[in-house]
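Sequential numbering from 1 applies to the sequence shown in UniProt numbering.
Glycine included, C-beta positions come from ideal geometry on N, C-alpha and C.
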Amino acid sequence: MGKESKSGGCLGWLLAIVILALVVGAIVYAVKQKMDHANDNKPSPVPGPPGAIDKKYADALKIAMQFFDIQKSGKLVNNKISWRGDSGLKDGNEANLDLSKGMYDAGDHMKFGFPMAFTATVLSWAILEYGDQMAAVNQLEPAQQSLKWITDFLINAHPKDNVLYIQVGDPDLDHKCWERPENMKEKRPLTQVNITVPGTEVAAETAAAMASASLVFKTSNSAYSSTLLKHAKQLFNFADKYPASYSENIPEVATYYNSTGYGDELLWAASWLYHATGDRSYLDYATGENGKLFASWGSPTWFSWDNKNAGTQVLLSRLSLFGAKGVSGNSGLGNYRSSAEGVMCGLLPKSPSATSSRTDGGLVWISEWNALQHPVASAFLAALYSDYMLTSQTAKITCGDHSFKPSDLRKFAKSQADYVLGKNPLKMSFLLGYGDKYPQYVHHRGASIPADATTGCADGFKWLDSTQPNPNVAVGGLVGGPFLNETYIDSRNNSMQAEPTTYNSALIVGLLSSLVTTSSAVKSFT
């Protein structure tokens, strides 16, 4: 009898302790949830000057920067690539112009003005945003030199207000040869846009390139900066006054760089001109009726050489995030920012609106051709937006019923960069020269032919068909990338996957520059 009472008392005390523990646990959980919620609404600290260097990204950036040297045309200065020499020295002669500089587009020897100008715009943007981080690993000067190699060409390609040379070489003739650029003998005809045959997207993209580059050189070379800005204004006026698609007016360019519309380039150019000049008319152009017509507000798009809308949305978001002078109350800017956040929500894997177009390894995958362009471009934009949020003390963005911090965007950006650098099912780097394993049979003429080979136009195809790996590494080139099933066919004849491009290089340079270290974003480019 006494034993039973004692046992019942113990059970009662045990039950009371359990209930008390549950109550205390519930209180602790509620307090923690409240604190976590408060922390979610609390901005992350603003980064200071460039901090500790991440060696992985620093090494990759130094490698990526070298591909611009490999792609240079003209009389090379301080050439660091042993298997490259002078080439294209007579380019432009038929129009009494010096178009010898610029860069070859990819694995061939064409100079396509549309993607080349995009390369310059993106490289300028990367320098403007992350120049301090580039400088921390001694890559700012190489970036500026590569940019100037392109803008020197663009200046010469614009001899009159309404004339722009947009192509050097005939792709049909060019692709009938497999030779080193130093040995080219075929004709290199010129293609232009003008009042009779206008081309809005290529003129506007070139305006964007020159406007953004004018900001890069504003302090170090003010006269050159002024020249660039003068050309940018003229080209924007030409593009706007004579609206027409260059790939409709010049159908032969559509085979390689077909434009799906010119409105995005007009907004992109106007946005860069506003940053370069402070002239409110350019901002009004981008945020007013033209924005309604061309900006695709509320409809996220993929940033690429063809479609600049996502880039413009991020670029103009910095104005509202940083509270730029004289822009308060501009409803168009609000539309750009909300659209930029829509783009970000599409990228974040845990967002309700996340794109499902990804490989099993986590790479955003949009296109079979040059698959890496879109994930690298998207990651660059995500890194930018993350840094804008940190610097402006913006705690989070909202995607449906979820919220995300700047660190979530940076984590996404790193995931795409890491995939490129070898954290993928193939355990292979898609950045040539980085890591122990990368493609060996790259679709690139100069890399595939020994520097001492005596080869003409047609007999050089033996090097295309050779079973031996390329004798030269196109260091820093970013190849097209994997298929959706994460396979890669390492073959020179596989230009879909195995061909590096200069605009891919500008994008990967921008992304890697953002990850080398952390620092606060510049609030103004001027």
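Asked                                                                                                                       : Found
Nonlocal neighbours in the same chain, by C-beta distance under 6 Å from residue 31, ignoring five residues either side     : Reliability of the predicted coordinates at residue 31 is poor, the pLDDT of 47 falling under 50, and the value obtained from them is presented with this limitation in mind. Cβ neighbours of residue 31 beyond the five flanking positions: none.
Where residue 350 sits in the DSSP three-state scheme                                                                       : coil
Residue interval of the beta strand (DSSP E) (run including residue 191)                                                    : 190-193
Cα-Cα separation between residue 73 and residue 53, rounded to whole angstroms                                              : 33 Å
Backbone secondary structure at residue 241 - three-state DSSP                                                              : helix
Bridge partners - residue 87, DSSP secondary structure assignment                                                           : 74
For residue 103: DSSP bridge partner residues                                                                               : 72
Euclidean distance between Cα positions of residue 203 and residue 283                                                      : 19 Å
Distance between beta carbons of residue 358 and residue 365, contact taken as under 8 Å                                    : 6 Å
contact_flag[the region 101-117, the region 245-262] where n(CB pairs < 8 Å) is 3 or more                                   : yes
Distance CB(residue 422)-CB(residue 435) smaller than 8 Å                                                                   : yes
Own chain, CB closer than 6 Å to residue 119, minus 5 neighbours either side, in chain order                                : 502, 503, 506
Backbone CA spacing between residue 278 and residue 526 [nearest angstrom]                                                  : 9 Å
8 Å contact criterion, which residue 61 and residue 516 should meet: CB distance rounded                                    : 6 Å
Residues of its chain near residue 36, where Cβ-Cβ distance is below 8 Å and the 5 sequence neighbours each way are ignored : With a pLDDT of only 48 at residue 36, under the threshold of 50, the placement of this residue in the model should not be trusted; the figure read from the coordinates follows. Closer than 8 Å at the Cβ level, and outside the excluded window around residue 36, lies no residue.
Residue 388, DSSP secondary structure in three states                                                                       : helix
Contact check, residue 455 vs residue 179, beta carbons under 8 Å                                                           : yes
Meets three-Cβ-pair contact criterion under 8 Å: the region 143-163 and the region 40-48                                    : no
Backbone secondary structure at residue 308 - three-state DSSP                                                              : coil
Outcome for residue 458 when other beta-carbon atoms lying within 10 angstroms are tallied against a minimum of 16          : exposed
Whole-angstrom distance between residue 445 and residue 148, CA atom to CA atom                                             : 24 Å
Top-ranked residue by Cα proximity to residue 127, from 321, 212, 523, 287                                                  : 212
Spatial neighbours of residue 335 in its chain, beta-carbon cut-off 8 Å, leaving aside the 5 residues before and after      : 287, 291, 295, 297, 298
Where residue 345 falls: helix, strand or coil (DSSP)                                                                       : helix
Expected contact under 8 Å - CB spacing of residue 317 and residue 246 to nearest Å                                         : With 8 Å as the limit, residue 317 and residue 246 do not qualify as a contact, their Cβ atoms being about 29 Å apart.
Own chain partners of residue 568 with C-beta closer than 6 Å, once the 5 adjacent residues on each side are dropped        : Residue 568 lies beyond the range of the chain shown here (1 to 526); nothing can be said about it.
Alpha-carbon to alpha-carbon, residue 324 and residue 100                                                                   : 40 Å
Neighbour-count burial assignment, residue 66, 16 or more Cβ in a 10 Å radius                                               : buried
Residue 202: first and last residue of the uninterrupted alpha helix (DSSP H) it sits in                                    : 200-216
Same chain, Cβ closer than 6 Å to residue 481, five either side skipped, listed in chain order                              : 371, 372, 430
Contacting residues, own chain, Cβ-Cβ under 8 Å from residue 200 (five flanking each side not counted)                      : 239, 240, 242, 243, 244, 245, 246, 262, 265, 266
Cβ-based neighbour list, residue 427, same chain, cut-off 8 Å, excluding 5 preceding and 5 following                        : 437
Contact belief for residue 64 with residue 479 at Cβ below 8 Å, rounded distance in angstroms                               : Going by Cβ atoms, the distance from residue 64 to residue 479 rounds to 12 Å, so no, they are not a contact pair.
Beta carbon of residue 521 nearer than 8 Å to that of residue 391                                                           : yes
Element boundaries [alpha helix (DSSP H), containing residue 127]                                                           : 113-136
Per-residue burial, residue 280 [other beta carbons within 10 Å of its own, 16 or more giving buried]                       : exposed
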